[in-house]
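Asks: Residue numbers (this note's numbering): 58 to 357. Heads up, the beta-carbon is just placed ideally off N, CA and C, and yes, glycines get one too. Quick one: the structure is below, questions incoming.
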């Protein structure tokens with residue numbers, strides 16, 4: 058795919074590349090910020106509405122366009138990574154906000170990027186598909202019907218030099234109200250249902266962070282499926298999580314229902330990045346959590 062518009066070549070090749078992470082306390086955002094911050098040639102600025110911390114350098118409500126534009130104009134980033142999203146139940150509860158942040162904000166960021174000279178890397182989700190057939194390619198037409206699915210689909214920026222990673226992630230949380238799959242699983246005791254009929258092709262938040270690093274120094278643009286080349290059931294995924302994180306004292310019970318195949322296939326060959334197998338991804342994530350105390354959450 059040929060990207061139109063001026064890419065951030067000069068900025069990326071300079072001594073340090075300034076990267077803004079929007080939603081820097083979220084499941085994806087905090088890992089991307091932490092990972093890039095450990096690389097000498099990146100200067101990373103986290104923007105979030107939460108309290109100031111090592112993950113939040115600038116407090117800002119992204120629902121205020123004027124405030125966000127003012128901040129980005131002052132910071133002068135080479136790249137903006139948009140990790141903001143209104144998820145399933147929240148999208149149902151407040152459709153106006155879901156449209157604003159899931160659909161409108163990505164295009165506003167892309168327009169600002171064209172004017173201010175930064176590249177947008179936006180995160181989308183496999184949930185744009187209903188999951189009835191599976192093996193969706195980048196050219197497949199999204200058929201999800203929920204508020205979350207429809208609003209995220211509308212926000213998938215594919216213009217100019219900007220990039221949308223469509224994926225699904227698991228990883229640690231730093232917010233006390235985090236409810237991702239890994240966070241949920243590590244809180245369980247006794248019997249835990251494992252859905253053998255739900256297939257998945259996602260990645261860990263650490264692999265996503267490494268892909269963002271690779272994308273910053275590449276010309277990758279448009280829509281890209283950041284996924285494993287094989288699928289895994291949620292039952293097997295929980296078993297691999299238990300193995301990687303040393304979880305004992307629970308019993309994962311195989312259940313055939315429900316059925317869902319939101320599996321994605323990457324058909325593009327213009328990005329030199331390899332997604333590891335599931336066991337390797339989870340083992341790497343577990344080691345990282347142990348090595349980086351800032352990423353250890355209250356469960357350990």
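How would you write the range of the alpha helix (DSSP H) that residue 273 sits in, first residue to last?
Replies: If you number the chain shown from 1, residue 273 lands on position 216. It spans 262 to 273 - the alpha helix (DSSP H) in which residue 273 sits, taken as one unbroken run.
Asks: Quick one: what does DSSP say residue 139 is sitting in, helix, strand or coil?
Replies: The sequence position of residue 139 within the chain shown is 82, counting from 1. Reduced to three states, the DSSP call for residue 139 is strand.
Asks: What residues match up with residue 176 in a beta bridge as DSSP calls it?
Replies: Start at 1 with the first residue of the chain shown, and residue 176 comes out as number 119. Residue 176 pairs with 136.
Asks: Please report the distance separating the alpha-carbon of residue 210 from that of residue 129.
Replies: For the purposes of this step, residue 210 is identified with residue 153 of the chain shown, where counting begins at 1. For the purposes of this step, residue 129 is identified with residue 72 of the chain shown, where counting begins at 1. So the two alpha carbons sit approximately 25 Å from each other.
Asks: Counting C-beta neighbours from all protein chains within 10 Å, is the total for residue 357 16 or more, i.e. buried, or is it exposed?
Replies: The residue you call residue 357 lines up with position 300 of the chain shown. With a pLDDT of 43 at residue 357, under the threshold of 50, the predicted position of this residue should be treated as unreliable, and no value is reported.
Asks: Which class does residue 68 belong to by DSSP, given the choice of helix, strand or coil?
Replies: Counting from 1 along the chain shown, the entry for residue 68 is found at position 11. Interpretation of residue 68 is limited by its pLDDT of 49, a score under 50 that renders its predicted location unreliable; the figure taken from the coordinates is listed afterwards. Here residue 68 sits in helix by DSSP.
Asks: Taking only runs that begin and end inside the region 73 to 136, name each unbroken beta strand (DSSP E) of 3 or more residues, in chain order.
Replies: Counting whole runs of 3 or more residues, the region 73 to 136 contains the beta strand (DSSP E) stretches 74 to 79 and 99 to 105.
Asks: If you draw a straight line from the C-alpha of residue 178 to the C-alpha of residue 324, how long is it?
Replies: The sequence position of residue 178 within the chain shown is 121, counting from 1. The sequence position of residue 324 within the chain shown is 267, counting from 1. Rounded to whole angstroms, residue 178 to residue 324 spans 19 Å at the Cα level.
Asks: I need the DSSP call for residue 340, collapsed to helix, strand or coil.
Replies: For the purposes of this step, residue 340 is identified with residue 283 of the chain shown, where counting begins at 1. Residue 340 falls in the helix class under three-state DSSP.
Asks: Which residues in the same chain have their Cβ closer than 8 Å to the Cβ of residue 336, if we skip the five residues on either side of it in sequence?
Replies: Within the chain shown, residue 336 is the residue found at index 279, counting from 1. Contacts found: 297, 300 and 301.
Asks: What separation, rounded to the nearest whole angstrom, lies between the Cα atoms of residue 229 and residue 314?
Replies: The count along the chain shown starts at 1 and reaches residue 229 at position 172. The count along the chain shown starts at 1 and reaches residue 314 at position 257. Whole-angstrom Cα-Cα distance: 26 Å.
Asks: Quick one: give me the first and last residue of the alpha helix (DSSP H) that residue 257 is part of.
Replies: In the chain shown, counting from the first residue as 1, residue 257 sits at position 200. Segment 255 to 257 is the beta strand (DSSP E) holding residue 257; no alpha helix (DSSP H) there.
Asks: Considering only residues of the region 275 to 318, which uninterrupted alpha helix (DSSP H) runs meet the minimum length of 4 residues and lie entirely inside it, listed in chain order?
Replies: Those alpha helix (DSSP H) runs which fall completely within the region 275 to 318 and span 4+ residues are 291 to 302.
Asks: Could you please give the first and the last residue of the uninterrupted beta strand (DSSP E) stretch that includes residue 222?
Replies: Working through the chain shown from its first residue, we reach residue 222 at position 165. Here the beta strand (DSSP E) through residue 222 covers 220 to 224.
Asks: Could you tell me the distance, in whole angstroms, from the CA atom of residue 157 to the CA atom of residue 120?
Replies: By 1-based counting over the chain shown, the position of residue 157 is 100. By 1-based counting over the chain shown, the position of residue 120 is 63. When rounded, the distance between both Cα atoms is 8 Å.
Asks: Is the Cβ-Cβ distance between residue 105 and residue 123 less than 7 Å?
Replies: Locating residue 105 in the chain shown gives position 48, where the first residue counts as 1. Locating residue 123 in the chain shown gives position 66, where the first residue counts as 1. Their beta carbons are not under 7 Å apart, which means residue 105 does not touch residue 123 by this criterion.
Asks: Please classify residue 318: is it buried, with 16 or more other beta-carbons within 10 angstroms of its beta-carbon, or exposed?
Replies: The residue you call residue 318 lines up with position 261 of the chain shown. Residue 318 should be labelled buried.
Asks: Let me check one thing: in DSSP terms, what residues is residue 249 bridge-paired to?
Replies: Within the chain shown, residue 249 is the residue found at index 192, counting from 1. For residue 249, which the question treats as bridged, DSSP gives the partners 309.
Asks: Can you tell me which of 282, 74 and 256 puts its alpha carbon nearest to the alpha carbon of residue 132?
Replies: The residue labelled residue 132 in the question sits at position 75 within the chain shown. Closest option to residue 132, Cα to Cα, is 74.
Asks: So does the region 233 to 247 actually touch the region 271 to 282, counting three or more Cβ pairs closer than 8 Å?
Replies: As far as the Cβ criterion goes, the region 233 to 247 does not touch the region 271 to 282, which means the pair count is below three.
Asks: Sorted by chain position, which residues of the same chain lie with C-beta nearer than 7 Å to residue 250's C-beta, five sequence neighbours on each side aside?
Replies: As a first step, residue 250 is located in the chain shown; it is residue number 193 there, counting from the start. These residues qualify, in order along the chain: 310 and 312.
Asks: What did DSSP end up calling residue 227 once you bin it into helix, strand or coil?
Replies: Taking the chain shown and counting its residues from 1, the one referred to as residue 227 is at position 170. Here residue 227 sits in strand by DSSP.
Asks: So what's residue 21 in DSSP terms, helix, strand or just coil?
Replies: Missing from the structure shown is residue 21; the chain here goes from 58 to 357 and no further.
Asks: Whose C-beta lies closer than 8 Å to the C-beta of residue 164 among residues of the same chain, with five residues either side of it excluded?
Replies: Indexing the chain shown from 1 puts residue 164 at position 107. Result list for residue 164: 212 and 214, in chain order.
Asks: Grab the span of the alpha helix (DSSP H) containing residue 205 for me, first residue to last.
Replies: Your numbering for residue 205 matches position 148 in the chain shown. Here the alpha helix (DSSP H) through residue 205 covers 204 to 211.
Asks: If we call anything under 7 Å between Cβ atoms a contact, is residue 283 one with residue 194?
Replies: Counted from its first residue, the chain shown places residue 283 at position 226. Counted from its first residue, the chain shown places residue 194 at position 137. Against a cut-off of 7 Å, the Cβ pair of residue 194 and residue 283 comes out as no contact.
Asks: Please go through the same chain and pick out, in chain order, the residues whose beta-carbon is closer than 7 Å to the beta-carbon of residue 187, but skip the five residues on each side of it.
Replies: Residue numbering aside, residue 187 sits at position 130 when the chain shown is read from its first letter. Cβ within range, chain order: 200, 201 and 202.
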